[in-house]
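This report concerns only the one structure given below.
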Amino acid sequence: MDIGGRREAAQRLMEREGVDVMLVAPNELNRVDTVFHMTGYRGVGESLAVLRKGEKPLLIVTPEWEAERAQARAKGWEVRATDDLPQAIAALFPKGLPAGRTATVNLGRLPAAIGNKLIAFVGKDAKKLEKQLEIALMPKTGDEIEHARRATAIAEKGFERMLEVAKVGMAECDLAVQMKLYMEELGADDNFWLMTASPHNRAVQPSSGRKLEVGDIILVEMTPTYKGQLAQICRTVVVGPPSNLLAEKYALVVRAMEAGIRTVKPGIRMGDVAKAIDAVLSAQGYAEYCHPPHIRRRGHGLGHGSNAPGDVAPANDTILEEDMVFVVHPNQYLPETGYLLCGEPVRVIATGVEQLSKRTAWLASVPV
Amino acid sequence: MRVTQPAVLVGNYDWDETLVPRAEYEARLKEVLAKLDGGLAGLVVYGNKVDNAALAYLTNFAPKIESGIALVAKDGKVRVHAAGSPQMMINAKRLTWVEDVRPQRDVPKHVADWAAEAAAQGPLGFWATEAMPADLLPRLQAGLGDRKLVDVSATLNALLREKSPVALKLSHEACGMLAKAMAALKVRSTKATGREAAVAAEQAAADAGAQDVRMLISLSKGGTPTAIDYPEGPKLDPLLAYIAVRHAGYWAEGFVTLSAAENPMLTRTRAALKAMLAAAKAGTTVAELRDAAQSALGGLAIHPAAHKAAVGVGLQLEEVESEPGGVARLEAGRVYSLRAGAHLSLSDNALLSAMIVPKAGGVDVLWSALG
């Protein structure tokens, strides 16, 4: 599928659902920008993708000065830029929207001042097609897969740089900002970056002003985006030499991850990947740590437009298909060591799995 | 101003008592409670990573991911709910002076439970600035059943516009960081691509202590600043840029147009900003500022990004005003960004701005693109 095919898939969904008009908004707070997913344009203000039966697809962006980039990114879409999104929609449909034949996606996630006006204009009878649209648009495009590779390469280089830069006394946030900037230099346009340090971590968190100390275990989820496509690697770094116990437990978590990755192939349930990871850890006596509150998922889909194919979790019945891209990360809490992170982005291929990262997680350390 | 929103707020948002003392928050809390209608039993305050002005004003808490709420009882007790698991509250607690920080799973349930346990009988107030999702208030109201939720944002947003001495000091400091970022941008842009210059500016702001930086630059020569969403990009002249930096919650913003050669568009825009600064003082109307700008621009059209000649800047990049059309008149002691710009075509634009604090008879300039 390419991005044009994604637009056609949305139009087929409209036909199946019996709707003539579909208004699609982003859900940026949940890191799911459906407008970007359909059009290739990620807004600085609110935007709406407007699909109308028999008409050219229309992208309405705000503010008024955003026209240039929207036109450059949203190939195949007519673009209009405005400072007043509800007014633009009202002007587009002067007789109102077709009763019973209108669908919306994510209007409730727009800022209230805009979303409430649009919801009132659309009326209560409009179909909500959030789930259906996500499923229809699920397959990754060839470009997105290539971008995931590039994002992975940026993440791996970022991690190498982090091992050079991190030092005792440096604040987590300062390290995080330096890494973010370095990855921007390499071409990243955003970064879902979590990094936290402690001698015994309970979770990975957004970084704080806490300063690194000898004996800290730094947990890192590096998730740069390249042209809007996310890729994630998860790593663990010790400040100073690692203990034998820590090395042994980290090797176990990596073994569990590798078992999960080996399971990946078309036709299996996503939940089976999680179960393969749990099996390795349970065999070593950690079954009780394979459930909440210690762990909720063993990975997740990767994309700014969609989280498909969802979480790597036992209950996920999604059947894996070729070209699905997600991260497998055991990210396990162990009572002896605390939370440990390892994770690799993978792509489902006809013969099984392609790991997008060149080097599998290892227990790294920074000298003191 | 609309800017790109990052997936996670990466910089240092920890509460730093040396920058914003506890007494400042105690005073703010008192003011908020004093402004609440006597019949309200408590206050629900919402913020998210995009817009957290109300939440940060009261608690310093800016959600680094997703959203958060503060629940304020009439006796002044405050509870914060932060996105993330219970194990993630360790770092969430560093973001605020509030000691009671709990994980946020189900906002309507948290509000309903708190109302039943901690709040007195009666309706609750609700305070949020502009990025609150449209579906939140109905969900909260549904969770509360018969107990009414009253949106008091319009009343309380007035407090965000007023600047205490602490807030003014932080705004001054943010403008200093902005100046450093602009200087780095200018130096780097003479030799590098727009994107590389933007990274250099961001680095300079971070080195100066900014907790957050947002950048927009021209996509093409002379183009209106926009998000940097592609790795490719040439060296641009003219390069238009917008930089916003945040310091202990307070933003400073600026537009610049960088070019090796003077051009009529830039010359006139410079004259427009100069005229606006000369006209600005406490009490100046935005219409007067616009007239001053238009007079200097001659027949050139005002750039759409400068249609609002003045915007209030503080815990938001564009503060919510009492008038729906935005700033009507400059008020003494507030912090504003004055924007001047001209637009002819996609590749023929100029934008410049200045950060000011109006006073009787003139303004204090905190930062200016005019140097």
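Protein chains in written order, with the working numbering: chain A, 1156 to 1523; chain B, 734 to 1104. Just so it is clear, CB atoms sit at the ideal spot from N, CA and C, and this is done for glycine as well.
Proximal residues to residue i (C-beta, below 6 Å), its chain only, five neighbours per side dropped
i, result
"residue 1207 of chain A", "1176"
"residue 1431 of chain A", "1414, 1415 and 1418"
"residue 1299 of chain A", "1384"
"residue 1449 of chain A", "1488"
"residue 812 of chain B", "804 and 833"
"residue 903 of chain B", "980, 981 and 983"
"residue 1213 of chain A", "1205 and 1233"
Sub-8 Å separation of residue i and residue j beta-carbons
i, j, result
"residue 899 of chain B", "residue 753 of chain B", "yes"
"residue 968 of chain B", "residue 1000 of chain B", "no"
"residue 973 of chain B", "residue 1082 of chain B", "yes"
"residue 1026 of chain B", "residue 1009 of chain B", "yes"
"residue 745 of chain B", "residue 936 of chain B", "no"
"residue 1074 of chain B", "residue 1102 of chain B", "no"
"residue 1408 of chain A", "residue 1497 of chain A", "yes"
"residue 1054 of chain B", "residue 1046 of chain B", "no"
"residue 1109 of chain A", "residue 1174 of chain A", "This structure leaves residue 1109 of chain A out entirely; chain A is present only between 1156 and 1523."
"residue 1022 of chain B", "residue 736 of chain B", "no"
"residue 1238 of chain A", "residue 1266 of chain A", "no"
"residue 986 of chain B", "residue 1070 of chain B", "yes"
"residue 1332 of chain A", "residue 1288 of chain A", "no"
"residue 766 of chain B", "residue 807 of chain B", "yes"
"residue 851 of chain B", "residue 810 of chain B", "yes"
"residue 958 of chain B", "residue 1015 of chain B", "no"
DSSP beta-bridge partners of residue i
i, result
"residue 1214 of chain A", "A:1204 and A:1234"
"residue 1389 of chain A", "A:1376 and A:1498"
"residue 804 of chain B", "B:777 and B:812"
"residue 957 of chain B", "Per DSSP, none; premise fails for residue 957 of chain B."
"residue 1381 of chain A", "A:1384"
"residue 1179 of chain A", "A:1204 and A:1260"
"residue 1084 of chain B", "B:1074"
"residue 949 of chain B", "B:975"
Through-space distance from residue j to residue i, alpha-carbon basis
i, j, result
"residue 1157 of chain A", "residue 1343 of chain A", "22 Å"
"residue 1505 of chain A", "residue 1480 of chain A", "13 Å"
"residue 1188 of chain A", "residue 1406 of chain A", "37 Å"
"residue 1369 of chain A", "residue 1323 of chain A", "6 Å"
"residue 1198 of chain A", "residue 1191 of chain A", "8 Å"
"residue 1435 of chain A", "residue 1389 of chain A", "19 Å"
"residue 769 of chain B", "residue 867 of chain B", "23 Å"
"residue 975 of chain B", "residue 1087 of chain B", "12 Å"
"residue 738 of chain B", "residue 965 of chain B", "20 Å"
"residue 819 of chain B", "residue 1291 of chain A", "35 Å"
"residue 1196 of chain A", "residue 1276 of chain A", "25 Å"
"residue 1373 of chain A", "residue 1392 of chain A", "5 Å"
"residue 781 of chain B", "residue 1321 of chain A", "30 Å"
"residue 836 of chain B", "residue 814 of chain B", "5 Å"
"residue 825 of chain B", "residue 1011 of chain B", "45 Å"
"residue 1034 of chain B", "residue 1337 of chain A", "39 Å"
"residue 929 of chain B", "residue 1223 of chain A", "21 Å"
"residue 1495 of chain A", "residue 1483 of chain A", "14 Å"
"residue 1318 of chain A", "residue 1340 of chain A", "17 Å"
"residue 960 of chain B", "residue 990 of chain B", "16 Å"
"residue 828 of chain B", "residue 897 of chain B", "21 Å"
"residue 962 of chain B", "residue 1194 of chain A", "14 Å"
"residue 954 of chain B", "residue 1220 of chain A", "15 Å"
Same chain, Cβ closer than 8 Å to residue i, five either side skipped, listed in chain order
i, result
"residue 1511 of chain A", "1303, 1304, 1307, 1386, 1480, 1499, 1500, 1501 and 1502"
"residue 848 of chain B", "774, 775, 857, 877 and 880"
"residue 1269 of chain A", "1201, 1240 and 1241"
Residues near residue i in its chain [Cβ-Cβ closer than 7 Å; skip 5 each side]
i, result
"residue 1328 of chain A", "1362, 1363 and 1364"
"residue 1349 of chain A", "1359, 1360, 1361 and 1376"
"residue 906 of chain B", "980"
"residue 1079 of chain B", "956"
"residue 1456 of chain A", "1462, 1463, 1464, 1465 and 1481"
"residue 1507 of chain A", "1419 and 1420"
"residue 1470 of chain A", "1426"
beta-carbon residue i near the ligand GDP non-hydrogen atom, thresh 7 Å
i, result
"residue 1076 of chain B", "Summarising the ligand content, the structure contains no ligands, and the ligand GDP is consequently not present."
Inside the region 851 to 921 of chain B only - alpha helix (DSSP H) runs reaching at least 4 residues: 869 to 877 and 886 to 894, all fully within the region 851 to 921 of chain B.
Residue ranges of each beta strand (DSSP E) within the region 1297 to 1371 of chain A, 3 or longer: Taking only runs of at least 3 residues, the beta strand (DSSP E) segments lying wholly in the region 1297 to 1371 of chain A are 1349 to 1353.
Every unbroken beta strand (DSSP E) inside the region 1450 to 1517 of chain A [3 residues or more]: 1454 to 1456, 1480 to 1483, 1487 to 1489, 1493 to 1495, 1499 to 1504 and 1507 to 1510
Beta strand (DSSP E) runs contained entirely in the region 1040 to 1081 of chain B, provided each spans 3 or more residues: Counting only runs that start and end inside the region 1040 to 1081 of chain B, the beta strand (DSSP E) elements of at least 3 residues fall at 1043 to 1045 and 1069 to 1078.
Whole runs of the alpha helix (DSSP H) within the region 964 to 1047 of chain B, excluding any shorter than 4 residues: 997 to 1012 and 1019 to 1030
Beta strand (DSSP E) runs wholly inside the region 1425 to 1450 of chain A, at least 3 long, in chain order: Segments of the beta strand (DSSP E) lying fully in the region 1425 to 1450 of chain A: there are none.
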